Each structure stands twice: as structure tokens, then as C-alpha cells.
Amino acid sequence: MTAILRNNVDVDGPVSAGPMVFVHGFGCDRSMWRDVAPAFVQTHRIVTYDLTGMGGSDLSAYEPRRYADLQSHADDLLEILEALSLRDVCLVGHSIGASIALLAANRAPERVSRLVMVSPSPAFLDDAEAGYRGGFGREEIEGLVGLLEENQLGWSMQMAPTITGQPVEAPSTETLTQSFCRTDPEIARHFGRVTFFSDRRADYERAACPVLILHCSDDALVPMNVAEWMRDRVPDATLEVLEASGHSPHMTVPDKVVKTIRQHLGTA
Amino acid sequence: MSFERGDGLDVATELIEDAPCGIAVTDPDGRLRYVNKTLTQWLGLPPGGDPSRATFASLLTGPGRIFYDTHMAPMMRLQGFVREISCTLDVQDGPPLPVMLSGVARRDAQGVCTRFDYTVFDARERRAYEEALRRAKREAGELAAIVSSSPNAILRVDSGGCVRSWNNGAVRLLGRSAEQALGRPVAEAIQLLDRPDWFMREARALQDEAEISFEARHASARDFEVTLAPIGERGLPGASEDWSVILRDVTRRKQAERRLQVIFDEMRHRMKNTLGVVAGIARQTLPRPSAEQLVSRLQALSSAHDALIRPDDDIGSEPVVEIGALLAFSCKAAGGPARFVIQGPRVRLSARQATSMSMALHELVTNALKYGALSSEQGQVRVDYTLDGSGETGPFRLRWREVGGPPVTPPTRQGFGSKMIGLVLQAELGAEVRSEFAPEGFRFEVAFTAG
């Protein structure tokens, strides 16, 4: 299966325009970009996709052993860039998607020329020894994995209609079940672990291209000191703090996000 | 149904404030705009809330805060609702409270998100039940993993003798896929030589035993150890009475056993032949009385080897001898049951102990015939022995008492027989030996740890 099919890739915008590829984070899928990506469709070649194992991607391709390493998601992204023959790419990643974008940029600097990171964090776990406060302890992350097990978000409901003989796609069932952010619970738990236990500080410290960091002033997942750590440690990084609360400014304040990215890409 | 005019507002306020569930309203970015009294009390917050906990996420424990940001907030925006989310309230000065929450996003006429409304239900009981379910599921999963990865064939068979489950071990061991085996009579799916209807036969024979185990040869010429055990409670009305059937491949062990048996028989055969040859040489070399004495001693030794058997249930261990067989053999030549009263439990001796004991018994019998009780017609030998502890091994004590013989006078010198007894029992076995030339009859006692 090609990377395009595997990762449910969607392409829009002028063929010759500079490419922008959006990488979603943990918890949802590419639909998270629906208030941001279209804003660039006049000026850029827009690519959105689902990480392997999420959304409309080929779930059978999610081999737990392979995807225990975040780099595998970055390799998938590079396969997509290659399949679309994209060069001089601006990668826009949210949260763990930002780390995936960074790993891809570091591995293939010849393809990726800019990084836009929305609410990124190099490591969510505290590292007392290094004086790094990621914001979370091991127990809280274990607790999250437990929550993911408890909350299957309609995954089991999705299976239910086939048992009673109704087609899954019937509109009545679709509107009743929680269809967004629905992930195979096994994959959700696995990717949750990979996300929140990953520590990519060393990779952030050798980012291979200019980085724009968007950070919300009141982000419950990423403390301000982590944003400052990135501003100080990531080479050629610019930190923009958005007056907003939450971890997903691309959903809560998409206009601010679009405006800030435009300013930095010089296409305002 | 509607409220009385005039009461409506009060009732509605009370309904919301004191609802049997928590109610919270937030801005689309998660900032709290309203928290009802029930939820405030659950959280242990002062009336009016706590300014340091100004967002919906801040009401939740750490994992819940992550889940809010990664899942709930995006879902509220993208699909407009969340339903039956299991998470936990971070209670001020109290244990965390498991809750089930649902939310709905409100939009204005232009479709712009204006607020999120949440209802929060106490889910302590439900959580405890779900936790028990999950634990049971995990345990079942672990057991299933053990069964499916076992090298043994492990199957479930229903009371009618048909295969209900067939693990990977069964596929490997019996060369038959689960599809080929499921639903078929197990005695047909697994054909054992000379046991056409083995399952029903064994199941019927089981009665109240916990399990039954036997060894049999499979049609593929492999040997299996087969164990049948009932699953679940017997005799419960309506409960299925299924069986677990476990097959272990013992082909290699059986081959080794057969080889050992051949070697063992060959050894015994050669040993006897050698002793026979030595007896022949003795007869031709020594004066007749001495020769006969030696030959009878050699025969005693040879008889000990004949008595060597191996216990069926402990293949591969050293050969052992049952003391009763040894005594019977030793006493036969001297009149058998007519002259001997033997009493004692089953006791297993090691090969070495058996050899020493048979030599000693031979000397005792010979002396009794020559000088002791057996030299007169009424004389008898009473042998009784005891064993401490359970099983057939342990501290062993044998008493030899001669009665009804001529009066005993202690010998002036120790004969060869007595020396021999001391030699084989004390030096060889480290046994405790005592002999007494009592006037009414010779007595002898030996004690060692049998087995």
C-alpha cells in the first residue's frame, strides 16, 4: 500500500505553490486542522494526513513494535513527501505531531526548510536530574493510559451496529456514535504511551531548520518553562506566545494561529 | 407537565443548583462560567468556586486534564458533544471522585461556538464494577495466553465428548487445525491406539477424582500423556459439564524408558550369568562344604538382583526392592511361612540396601538353621518391621526374634556369618545393628533409613 493511501492523504491548493504539510497530534486526526489549513489554500500546496493508526489511516499498518519509536511516524511523513515529490516543505505540527515533523526535518533537511510547531513539547515527563519540568509525573501518564482504556469513544459502539445487522454507515448510527477522535483503543493506549513517555530534547537541540513555536499562555499540558526551554535551546527558534488557554490554539483561536504563521512565512 | 406559574423560576433554579448531578458551563476555550452547587460540593470547593481552578480541565485529576486537552476539547469542537466520558474529579482535601461526564457545545445562529455545557455523574459504583470486569478480563487474557502458547495440546471437551476449543499446541502436536477439530468427537479427532472410545470411557471412570491421567500411543506413533479433568462445578443444575483434556508429548521419554528397560534386563541377565559361572568355578575349586556355603551366599546375592524392580510411576529413578519380596525369597529355602511369621508395611529399599539386606538375611537364616530356632522342628522366626513416616521410605527398623529353638549359649568367637552381617550392614549401609544371644532365642535388630 502506498503512503498516500495508508495515511489518508489529502492534497489541495495550487500544484506549483510552496508546500505546507500539516501533522496532527495525539488524540484526534487531520480534521483538527479544518480551521487552519484551508486558510493557506490560495497561497500554498496544502497537505493533511492521518498518522498511521489514527483517523482514516490503514489501521492494520500500525505495527506496535515499529511505532513504539516516534521516528517511524517521521519516516511515514518522509514517504509522503517523497510520494508527492515535495521539496522546500513547511511542516506544521501540533503537539507530538510537531515532534514528528522535527524528526522528519532532521532526517531529511533537503526536503524540509521550515518548521511551525503548535503547542509542542520535547518531553512531557519531568526530569528532576536535569532540572527539566515537563509538567507530568510517570503516575499521571499511567493514569492517562488507564483513561484511554476506559474511554473508547464509541469504538465499541462502532462495532455494535454490525452485530444487529445495520450497516455502520447508516446516518442514524453515525450521528449517534462519537465518530471524531475515535481510535482503536489498543492503538490509542500504545500511541499515548509513545507520546507522553517520549523524550526528544536532544533532537530539538539540533533542529535542522528555522522553527516557529506557537505556545498558549495558559496551556495545561505544556508549562511556560518548557516553551522557554525550547526558545533557549532550539537553534534558530522563534517563540510566539498566544494569549489563549488550552493546548489546541488551532481549534480555539485559529485566526490568531493563521495570522502568526502568515507573518512568519512572509505571505501575509 | 409544567411548573405552577410563579414557582417556575425557583423550581428551575433549585433543579439546576441541587440537581442529582454536577452541571458546569464553560467558554469554548474551557474557562468555567458556571458550576452548580452539587458539583461545587463534590469538588470540596467553597461556594462560588476557587479562582485557582478556573478551567474545566483544572477540576480533573492529572490524567483527566491530559485527556481533556487531547480528546474532549477537540471532540466538543469537531462533533459538538462528548458522551459517557469516564474520568476523575480532583477533590479538594478528599479522595478523587470517579465520574461519568457528558457535554454538548452550544452555537449561535452563525454556527460559532459560544459555550460548552457539561453534566457530571457520580460513578463510584460503576467504576468499581468496571474495574473488577477489567481485572477479570486481564486475568482471562493472561490465562488464554498461557493456554495458547503452551507446547501441550489443551482442549475443552463438552459432556458429549465433542471438541469445544483447540489451542495452538494441539494444532502443532496433532497436525490438525482448529477448524478440522472443533465440533468433532474428541476420540475421533485424537485417535489413540487400542483405545477407540477413550474419552467417554475415562470420563465415566473418573467418578469423584479430581483428574485422571494415562499414557497412550497416538495414531501418528507418538506417545502422549493424557490428562482429563472436569471444568466447573459438577452437578449444578443447568451448568455445562465440560472437560479439559491435556496431551503432553512423551514420545522421547517413552523411548528412553524402553531403552533403559532393555539395558536393565540385559544387566540383570549378565549379572546372574556371571554369578552362575562363579558358582561353577567355586564348586570345582573348593572343598565341597566350603563350595556349597559360597554358592548359597552367591545365590542370596543373585536373588536380591531378581527382586530388583522399578516402580512404574517413577521411571528413570534407581531400581528399588520391596522388603517383603526380599524376605519371602530369603525365607523360602528355610521352610517359608510355616517357620516364619513376618509382619510389616510396604518398604522400598534402594538397590544397595537390598543387596546388603539379602546377604544379611541369608546369614541370619543359615545361622538359624544351623544353631538357632530353625534347627529344631518347633522353632520359628518372627520378623516384624516398622517404617516411620508416610510413603514407603523413611526410618526403617527390623526385628528378628527366634523362638521355640534349643537354649541359646553365646558363641565363644564370632563366626564368619556374624562378621558378614556387621560388614554389609554397618560398613556398607551405616545401619545400626544389635544382636542378643538371649537364652530363649537369638535376637537381632537392624535400623537404617530405607529408600
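Note that the protein sequences, when read in sequence, are chains B and S.
The working numbering applies: residue 1 is where the first sequence begins, and numbers increase by one.
The working numbering applies: residue 1001 is where the second sequence begins, and numbers increase by one.
Glycine included, C-beta positions come from ideal geometry on N, C-alpha and C.
Fair warning: this is a prediction, and the values are worked out from it, not measured in the lab.
Of all residues in the segment 236-248 of chain B, the ones placed with a Cβ closer than 8 angstroms to any Cβ belonging to chain S are 244, 245, 246, 247 and 248, in chain order. Beyond the five residues adjoining it in sequence on each side, residue 1361 of chain S comes within less than 6 angstroms, by CB distance, of 1330 in the same chain, given in chain order. Counting only the Cα atoms, residue 1209 of chain S lies some 27 angstroms from residue 1174 of chain S.
In this structure, DSSP gives residue 1189 of chain S a helical state, which the three-state scheme calls helix. The closest CA to that of residue 1320 of chain S, considering only S:1251, S:1393, S:1282 and S:1366, is found on S:1393.
The beta carbons of residue 1298 of chain S and residue 1275 of chain S sit closer together than 8 angstroms. If one requires a minimum length of 4 residues, the alpha helix (DSSP H) runs lying completely within the segment 52-112 of chain B are 70-83 and 96-107, in chain order.
Note on residue 1063 of chain S: 16 or more other CB atoms within 10 angstroms of its CB, so buried under the neighbour-count rule. Beta-carbon to beta-carbon, residue 22 of chain B and residue 30 of chain B are separated by about 7 angstroms, close enough to satisfy the 8 angstroms threshold.
Selection S:1402, S:1041, S:1073 and S:1364 evaluated against residue 1055 of chain S yields S:1073 as nearest (Cα-Cα).
Residues of the segment 1062-1073 of chain S with a Cβ closer than 7 angstroms to any Cβ of chain B, in chain order: 1062, 1063, 1064, 1065, 1066, 1067, 1069, 1070, 1071 and 1073. Membership of residue 264 of chain B in the alpha helix (DSSP H) is indicated by the continuous run 254-265. A distance below 6 angstroms between beta-carbons, with the five flanking residues on each side excluded, links residue 1395 of chain S to the following residues of its chain, in chain order: 1388 and 1449. Listed by position along chain S, the residues whose Cβ is nearer than 9 angstroms to that of residue 225 of chain B form an empty set, because the closest Cβ is around 17 angstroms away.
Not one beta carbon of chain B lies nearer than 8 angstroms to the beta carbon of residue 1051 of chain S. Boundaries of the alpha helix (DSSP H) around residue 1281 of chain S: 1251-1285. When only Cα atoms are considered, residue 212 of chain B and residue 1177 of chain S end up about 58 angstroms apart. For residue 1179 of chain S, there is no enclosing beta strand (DSSP E); the enclosing alpha helix (DSSP H) has its first and last residue at 1178-1181. Out of S:1095, S:1122, S:1078 and S:1323, the CA that lies nearest to the CA of residue 1084 of chain S is found in S:1122. By the beta-carbon neighbour count (other beta carbons within 10 angstroms, threshold 16), residue 222 of chain B is buried. Taking CB atoms only, residue 1086 of chain S has a neighbour in chain B less than 8 angstroms away. With contacts defined by Cβ atoms closer than 8 angstroms, residue 1120 of chain S and residue 1133 of chain S do not form a contacting pair. Excluding the 5 residues flanking it on each side, residue 1088 of chain S has same chain C-beta neighbours closer than 6 angstroms at 1061, 1064, 1096 and 1098, in chain order. For the pair residue 124 of chain B and residue 131 of chain B, the CB atoms are not nearer than the 8 angstroms cut-off. Closest in C-alpha terms to residue 138 of chain B, from the list B:227, B:204, B:195 and B:59, comes B:195. According to the DSSP assignment, residue 1399 of chain S belongs to the beta strand (DSSP E) that extends over 1394-1403. Neighbours of residue 1028 of chain S across chain B, judged by C-beta separation under 7 angstroms: 252. Residue 1055 of chain S has a beta carbon lying within less than 8 angstroms of a beta carbon in chain B.
Around the beta-carbon of residue 1277 of chain S, fewer than 16 other beta-carbon atoms lie within 10 Å, marking it exposed.
Inter-segment contact for the segment 231-239 of chain B and the segment 249-263 of chain B is absent: fewer than three beta-carbon pairs are separated by less than 8 angstroms. If you look at residue 1010 of chain S, you'll find it in the alpha helix (DSSP H) that goes 1008-1017. Counting every other CB atom within 10 Å of its CB across the protein chains shown gives residue 1437 of chain S a total below 16, marking it as exposed.
Closest option to residue 1193 of chain S, judged by alpha-carbon separation, among S:1232, S:1110 and S:1218: S:1218.
Using a CB distance cut-off of 8 angstroms, residue 1097 of chain S does not count as an interface residue toward chain B.
With fewer than 16 other Cβ atoms from the protein chains shown falling within 10 Å of its own Cβ, residue 1131 of chain S counts as exposed.
Between residue 31 of chain B and chain S, the shortest Cβ-Cβ separation is below 8 angstroms.
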